[in-house]
Amino acid sequence: MSIPHPLPASAQPAPPTAPTAPASPGAAAGHHGLIDALPGVAANFAQIYFVPSASAGLLLFAVLALADFPAAITGLAASVAASCFASALRLPHTLRRNGLLGYNATLTGIAFGALWKPDTTYIAWLAVCVCLTVISTAALAQRSRPALTGPFIGAMALTWAMQPWLHWLPRTGALACDMGTPGFVFCSVGQVVFVAPLVLGLLTWYILALWNPRATLWALAADIAVWSALGALTTLWPTTLAQAGGVGINAFLAALGLGMFGRRPAARFAGALLAGVICIALGAVLGPLGWPYFTLPFNLAVWIVLGTTAQRGQPIAA
Numbered sequence: 001m002s003i004p005h006p007l008p009a010s011a012q013p014a015p016p017t018a019p020t021a022p023a024s025p026g027a028a029a030g031h032h033g034l035i036d037a038l039p040g041v042a043a044n045f046a047q048i049y050f051v052p053s054a055s056a057g058l059l060l061f062a063v064l065a066l067a068d069f070p071a072a073i074t075g076l077a078a079s080v081a082a083s084c085f086a087s088a089l090r091l092p093h094t095l096r097r098n099g100l101l102g103y104n105a106t107l108t109g110i111a112f113g114a115l116w117k118p119d120t121t122y123i124a125w126l127a128v129c130v131c132l133t134v135i136s137t138a139a140l141a142q143r144s145r146p147a148l149t150g151p152f153i154g155a156m157a158l159t160w161a162m163q164p165w166l167h168w169l170p171r172t173g174a175l176a177c178d179m180g181t182p183g184f185v186f187c188s189v190g191q192v193v194f195v196a197p198l199v200l201g202l203l204t205w206y207i208l209a210l211w212n213p214r215a216t217l218w219a220l221a222a223d224i225a226v227w228s229a230l231g232a233l234t235t236l237w238p239t240t241l242a243q244a245g246g247v248g249i250n251a252f253l254a255a256l257g258l259g260m261f262g263r264r265p266a267a268r269f270a271g272a273l274l275a276g277v278i279c280i281a282l283g284a285v286l287g288p289l290g291w292p293y294f295t296l297p298f299n300l301a302v303w304i305v306l307g308t309t310a311q312r313g314q315p316i317a318a
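Start counting the sequence shown at 1; every next residue gets the next number (the UniProt record's numbering).
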């Protein structure tokens, strides 16, 4: 009897295999939803500056990470949470994808990371603030009202009021902008997201200029005008110097926002100056109480100018 030799692999019959279970529709939908949410997560960073672009948001996140990595991480966590929450609520896909529902939550996360050291209550309260900002931003969008950074201000005011019970440890304060040089205006651009170094503020402005050069240049010009006026005012009223940082941030945002809403350059300059005046007034009232006003002057100035001026063109972002 001859010894049987094994067949070559190519000639051997294939072993029986178990039938493959079809992919779960729910799992496939969840995977697709996660991929679809990624542009919105990135765009949340750019919409802080009225830019509906995921690529610009990625660049701004990179600049923020270079300036303050903890703030960048908390901002990213808040952005992801906001996108997931908006998706769970089945809010309009276009608004989610363009970052129009999550930018206030992202800015809140950045502020938390820049101002306080994290602990258990910190994470839980940030999650609450993310949900509140998404709901309030969506409610305003449904009524065709510009939310601006109003939900962020509300979340931060509520957080500030709860500080005696939260017991969070503050982080080392960021460097302030030097008002003595024209670089103050670029530093103010970065300070919107708590980026202090002048070079990174300049880079932030350049990223914005790539998206809309005209609106960004006009906003810079308005901020320079406000900086010049503030410099003259501090010689007569030195106490206004304490509000220089807030004036720079809010004046730039007001001019940029009014440009994105199609207002004429004169209205943009008026909005920037009005934001500066409101900063000084609020600083005099809230400063002794230890309460920051964040971007409240920008919101008030833009809402006032939008209500009293005519729109020149189609707005770029709501």
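Just so it is clear, CB atoms sit at the ideal spot from N, CA and C, and this is done for glycine as well. Here the structure is a predicted model, which means the values were calculated and not measured.
- Counting along the chain, the unbroken alpha helix (DSSP H) around Asp223 starts and ends at 213-236.
- Look at Trp165 here: in three-state DSSP terms it is helix.
- With contacts defined by Cβ atoms closer than 8 Å, Asp223 and Phe261 do not form a contacting pair.
- Across the structure, Ala272 and Leu300 are spaced so that their CA atoms are roughly 11 Å apart.
- Boundaries for Trp291: no alpha helix (DSSP H) harbours it, and the DSSP string shows neither H nor E there.
- Note that the C-beta distance between Gly99 and Pro146 is not below 8 Å.
- Across the structure, Val193 and Leu236 are spaced so that their CA atoms are roughly 31 Å apart.
- Per DSSP, the continuous alpha helix (DSSP H) segment holding Cys129 begins and ends at 120-142.
- The criterion of a C-beta distance shorter than 8 Å is satisfied by Cys131 and Phe85.
- Just so you know, the alpha carbons of Leu208 and Ala43 end up roughly 13 Å apart.
- In its chain, beyond the 5 residues on either side, no residue has a beta carbon closer than 7 Å to the beta carbon of Ala139.
- The alpha-carbon separation between Ala81 and Pro238 amounts to approximately 43 Å.
- When the Cα atoms are used, Arg171 and Gly201 turn out to be separated by approximately 21 Å.
- DSSP places Pro170 within a strand segment (E or B) once states are collapsed to three.
- With respect to the 8 Å criterion, Thr159 and Trp205 are not classified as neighbours on the basis of their beta carbons.
- Inclusion of Arg268 and Ala219 in the CB contact set at 8 Å is warranted, their separation being smaller than that value.
- Using a Cβ distance threshold of 8 Å, Asn104 and Pro151 count as a contacting pair.
- In this structure, the straight-line span from the alpha carbon of Arg90 to that of Ser83 is close to 10 Å.
- For the 8 Å CB-CB criterion, Gly40 and Gly75 do not form a contact.
- With contacts defined by Cβ atoms closer than 8 Å, Met179 and Ala244 form a contacting pair.
- Annotated as distal: Ala270 and Pro297, with beta-carbon spacing of 8 Å or more.
- Within the same chain, and ignoring the five residues on either side of Ala221 in sequence, no residue has its Cβ closer than 7 Å to its Cβ.
- Within its own chain, the residues whose Cβ lies closer than 6 Å to the Cβ of Gly190, once the five positions on either side in sequence are excluded, are Leu200, Gly201, Thr204, listed in chain order.
- Beta-carbon to beta-carbon, Gly257 and Phe50 are separated by about 6 Å, close enough to satisfy the 8 Å threshold.
- By the CB criterion at 8 Å, Ala67 and Val247 fall outside the cutoff.
- As the crow flies, the alpha-carbon of Pro182 is around 17 Å from that of Asn250.
- Here Ile280 is near Thr240, since their CB atoms are less than 8 Å apart.
- Within the DSSP secondary-structure output, Trp205 pairs in no beta bridge.
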